[in-house]
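Residue numbers -21 to -1, 1 to 322, in mature numbering (1 follows the signal peptide of the UniProt record, and there is no 0), belong to the letters of the sequence shown in order.
Written out below as structure tokens is the structure these notes cover.
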Amino acid sequence: MNHSKLLLSMALAIAPALAQAEAESERGVSVAAELSRPEVIARYEKAAQPKLACSQPESAEAMAQAYQSLASHKWSRSELGCAALYGFQLAQAQPGNVELGFGALVTQIDYLDLLASEYEGLYSGPETSAELRLRWKQARSHGEALIEQLEPLAGKSVEFRTLRATFWMASTVKESSPVESARAAARALPELEAVIAEKPETLGGLPLMLLGRMTFLLPEFAGGDPLRAIELLKQGVAVNPQDMVMRRWLAEVLISERQYPEAREVIKAAISVPANAAEPQAYADEMRAMAGLARRVNDEVMAEQVAQQRSRFLEAHPYLLARRSTASFGHGGADPFTGKEVD
């Protein structure tokens, strides 16, 4: 066989394909460069702005009703976005109402949480990217304003300090530099430590979950300590046994420490939590995470059981998002420090 002729014929055969691939790569680079131009970004954001519009209720009472109705719709960025807007407007109109301000801030955190999970989806084009970016900026701006409003009234309360630390982290998951995210974590860490020392059961153990997750995810030089994370999360489970998010993170840390039998028991306990103990979207998200964790402890039977249980739940609730990411803040996406999926 003439190897020279064979190599030549192979080269001639693949040359067009290589040329096409190179051309497509160049086109991809040129498209990305085009989309990063400020004037192009501004054009897409202007086109996306109407998607953020919400109907204006006729009265404060009607707005409060709409807010209460939509605040649980954590499967729709438009509906939850309107809830966040209404909550913000109601709180701004009643600056002395601390309870209303707390609720509005929680809704902003939930809204950021939902948006963060949608950033993790497949590439959906510059139009959706522009919309998400605008929504993120609005939620962050409104959350910052609520914190400024609440600080003089409730700045020393453990509830406010917990929510403020949560917002610092939630608002820097996206549209922020790594330095900004690191600063947010550095601010939140001592705040959560102080709250736990004073009242660990605050907001259903939320500071225990947040600090437990942080001490698991952060490197050792920045305060990371998996064994302490296990202690914090076990304490959180004792405070709030039906919190699937708390149990999920506990299972994550146990698996990282190769404590598989205990992790398996934590997963079993989590999937036995009644579906009505969590919000529908959170339940669907956490069950997906639990199926992944079951596979990581080599229990395919349990993983399949959880997957089927989740499928039945989604069939019964077709309006929910069958999304990949689980929630990170609030009461359960992507890891807030690494940007990677938790399972």
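For glycine and all other residues, C-beta sits at the position ideal for the given N, C-alpha and C.
Check: Taking 7 Å as the limit between beta carbons, can you name the residues of its chain near residue 97, skipping five residues before and five after?; Outcome: 56 and 111
Check: Looking at the structure shown, is residue 23 part of a helix, part of a strand, or coil, going by DSSP?; Outcome: helix
Check: Below 8 Å on the Cβ atoms is my contact criterion, and I expect residue 174 with residue 186 to pass it. Report the Cβ-Cβ distance as a whole number of Å.; Outcome: 5 Å
Check: Is the beta carbon of residue 67 closer than 9 Å to that of residue 87?; Outcome: yes
Check: Assess contact between the region 207 to 214 and the region 224 to 232, defined as three or more Cβ pairs (one per stretch) separated by less than 8 Å. Is contact present?; Outcome: yes
Check: What do you get for residue 287, buried or exposed, if any count of 16 or more other CB atoms within 10 angstroms of its CB means buried?; Outcome: exposed
Check: Quick one: Cα of residue 197 to Cα of residue 161, how far?; Outcome: 10 Å
Check: Going by Cα to Cα distance, which pick from 285, 31, 289 and 130 is closest to residue 116?; Outcome: 31
Check: Should residue 290 go down as buried or exposed, given a rule of 16 or more other Cβ atoms within 10 Å for buried?; Outcome: exposed
Check: Cβ of residue 54 within 9 Å of Cβ of residue 300?; Outcome: yes
Check: Which word fits residue 5, buried or exposed, when buried means at least 16 other C-beta atoms lie within 10 angstroms of its C-beta?; Outcome: Note that residue 5 has pLDDT 48, beneath the 50 cutoff, so the model's placement of it is unreliable and no number is given.
Check: What span of residues does the alpha helix (DSSP H) with residue 116 cover, start to end?; Outcome: 104 to 133
Check: Nearest-angstrom Cα distance between residue 114 and residue 240?; Outcome: 43 Å
Check: Just to confirm my understanding: we take residue 73, look at its own chain, exclude 5 residues before and 5 after, and list those with CB closer than 7 Å. What are they?; Outcome: 79
Check: Output the distance between the C-alpha atoms of residue 340 and residue 177, rounded to the nearest integer angstrom.; Outcome: Look at the range of the chain in this structure, -21 to 322, and you will see that residue 340 is not part of it.
Check: To the nearest angstrom, how far is it from the Cα of residue 169 to the Cα of residue 201?; Outcome: 12 Å
Check: Using the beta-carbon count (16 or more within 10 Å), is residue 35 buried or exposed?; Outcome: exposed
Check: Which of the three DSSP states is assigned to residue 48 in this structure?; Outcome: helix
Check: For residue 105, count neighbouring Cβ atoms within 10 angstroms of its own Cβ and tell me buried if that reaches 16, exposed if not.; Outcome: buried
Check: Taking the straight line between their C-alpha atoms, what separation do you get for residue 384 and residue 140?; Outcome: Residue numbering for the chain in the displayed model covers -21 to 322; residue 384 lies beyond these limits and cannot be assessed.
Check: Between residue 75 and residue 183, what straight-line distance do the alpha-carbon atoms span, to the nearest angstrom?; Outcome: 25 Å
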